[in-house]
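Student: Please see the structure below; I have some questions.
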Amino acid sequence: MPRPIVITAFAPFPGVADNPTRTLLESLPSSGDTILEQAQRILLPTEYRRAPETLLQALTERPAAIIMTGYSHRATCITLEARATQACLPDRPDAAGRFPDAPDPLMAEAHETAANIAAIAQSLRVAGLPAALSDDAGGYVCNHIYHAALSGPCAGIDAPPGLFVHLPALPDTDLAATAASTLPLAQMQRSLGIIARALIDGGDIV
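All residue numbers for the sequence shown refer to this note's numbering, where the first residue is 40 and numbers rise by one.
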């Protein structure tokens, strides 16, 4: 039996009471996409300490790929993150009111995804979906969990590929009023299906 992919989303956090990635995650079992319906879905707390712990504890077996999703009010489209760093916002607390620890000097400052994100972005555009590349995953818990994944379960030659995807707001939601852009749920689902197939296809891994 093929190994499933893992898809993560975030719970609410200060300023985002209704996280669109959670809505997306909860919609996958009825998405009509077999790969997405069979995916292992993990809802992560938007907390510096608990998010990596929750991800690692949920990985009971090696997945085919790990797709992490997060909301960004700056995202104008489906944004594929090229790398994660140890950068953090020392003055922005997480959902538990805690601040990030100081960067670990023994860890690499940055980790890049093994996924061919340029090819994936092109596949998304061909499918009529707006997509862009980014080399800055920010300094909040999104970047933190991405760094933890790329330096942990997604590290090494035989490790599953990992990719973080920032998404805009859903239309007709409170977030839409202040977001840079919106994207319908059906298009978010389609984008995840395309990304998932690219990640499990060895030809799209650099």
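For every residue, glycine included, the Cβ atom is placed at its ideal position computed from N, Cα and C.
Count the other CB atoms within 10 Å of the CB of residue 45; is the residue buried (16 or more) or exposed (fewer)?
Tutor: In the sequence shown, residue 45 corresponds to position 6, counting from 1. Burial call: buried.
Student: Alpha carbon to alpha carbon, how far is residue 236 from residue 229? Give it in angstroms, no decimals.
Tutor: One-based indexing of the sequence shown puts residue 229 at position 190. One-based indexing of the sequence shown puts residue 236 at position 197. About 11 Å.
Student: In whole angstroms, give me the CA-to-CA distance for residue 123 and residue 199.
Tutor: For the purposes of this step, residue 123 is taken as residue 84 along the sequence shown, with counting starting at 1. For the purposes of this step, residue 199 is taken as residue 160 along the sequence shown, with counting starting at 1. C-alpha separation (whole angstroms): 16 Å.
Student: Can you name, in chain order, every residue of its own chain whose Cβ lies under 7 Å from the Cβ of residue 189, other than the five neighbours on each side?
Tutor: To locate residue 189, count along the sequence shown from 1; it is residue 150. Here the set comprises 123, 150, 152 and 201.
Student: How long is the line joining the alpha carbons of residue 244 and residue 158, rounded to whole angstroms?
Tutor: Taking the sequence shown and counting its residues from 1, one reaches residue 244 at position 205. Taking the sequence shown and counting its residues from 1, one reaches residue 158 at position 119. Low confidence applies here, because residue 244 scores a pLDDT of 40, under 50, leaving its location unreliable and the question unanswered by this model.
Student: Expressed to the nearest angstrom, what Euclidean distance is found between the alpha-carbon atoms of residue 57 and residue 141?
Tutor: For the purposes of this step, residue 57 is taken as residue 18 along the sequence shown, with counting starting at 1. For the purposes of this step, residue 141 is taken as residue 102 along the sequence shown, with counting starting at 1. Their Cα atoms are separated by approximately 29 Å.
Student: Leaving aside the five residues before and after residue 218 along the sequence, list all residues of the same chain whose C-beta is less than 6 Å from its C-beta, in chain order.
Tutor: Looking up residue 218 in the sequence shown gives position 179. Cβ within range, chain order: 112, 207 and 208.
Student: Count Cβ pairs between the region 51 to 66 and the region 92 to 99 that sit closer than 8 Å; are there 3 or more?
Tutor: With the cut-off at 8 Å, the region 51 to 66 and the region 92 to 99 do not touch.
Student: Whose C-beta lies closer than 7 Å to the C-beta of residue 148 among residues of the same chain, with five residues either side of it excluded?
Tutor: Locating residue 148 in the sequence shown gives position 109, counting from the first residue. Only 124 and 125 meet the Cβ criterion.
Student: Going by the DSSP bridge assignment, what does residue 151 pair with across the sheet?
Tutor: In the sequence shown, the residue the question calls residue 151 occupies position 112. Bridge partners of residue 151: 122.
Student: Within the 8 Å Cβ cut-off, does residue 149 reach chain C?
Tutor: No chain C appears in the structure shown, which is made up of a single protein chain.
Student: Report the residue from 84, 192, 127 and 163 whose alpha carbon sits nearest the alpha carbon of residue 175.
Tutor: Within the sequence shown, numbered from 1, the residue matching residue 175 stands at position 136. The option with the nearest alpha carbon to residue 175 is 127.
Student: Applying the criterion that 16 or more other CB atoms from any shown protein chain within 10 Å of the CB defines a buried residue, is residue 114 buried or exposed?
Tutor: Sequence index remark: in the sequence shown, residue 114 carries index 75 (1-based). Looking at its Cβ environment, which holds 16 or more other Cβ atoms inside 10 Å, residue 114 is buried.
Student: Which of helix, strand or coil does DSSP assign to residue 209?
Tutor: In the sequence shown, counting from the first residue as 1, residue 209 sits at position 170. Residue 209 falls in the coil class under three-state DSSP.
Student: Give every residue of the same chain whose Cβ lies closer than 8 Å to the Cβ of residue 103, excluding the five residues on either side of it in the sequence, and list them in chain order.
Tutor: By 1-based counting over the sequence shown, the position of residue 103 is 64. Here the set comprises 41, 42, 43, 44, 199, 238 and 239.
Student: Taking C-alpha atoms, which residue in 79, 73, 71 and 83 lies nearest to residue 51?
Tutor: On the sequence shown, position 12 is the one that residue 51 refers to. The option with the nearest alpha carbon to residue 51 is 83.
Student: By Cβ distance below 7 Å, which residues in the same chain neighbour residue 216 in space, the five residues on each side in sequence not counted?
Tutor: Position 177 of the sequence shown holds residue 216. Same-chain partners within the cutoff: there are none.
Student: Can you tell me the Cβ-Cβ gap for residue 186 and residue 90, rounded? I've got them flagged as a contact below 8 Å.
Tutor: As a first step, residue 186 is located in the sequence shown; it is residue number 147 there, counting from the start. As a first step, residue 90 is located in the sequence shown; it is residue number 51 there, counting from the start. 11 Å between Cβ atoms; not a contact.
Student: Could you give the distance in angstroms between the alpha-carbon of residue 155 and the alpha-carbon of residue 106?
Tutor: Looking up residue 155 in the sequence shown gives position 116. Looking up residue 106 in the sequence shown gives position 67. Those two C-alpha atoms are separated by around 14 Å.
Student: On the three-state DSSP scale, how would you describe residue 128?
Tutor: The sequence position of residue 128 within the sequence shown is 89, counting from 1. In the structure shown, residue 128 sits in coil (DSSP, three-state: anything other than H, G, I, E or B).
Student: Could you give the distance in angstroms between the alpha-carbon of residue 88 and the alpha-carbon of residue 49?
Tutor: Mapped onto the sequence shown, residue 88 falls at position 49. Mapped onto the sequence shown, residue 49 falls at position 10. When rounded, the distance between both Cα atoms is 14 Å.
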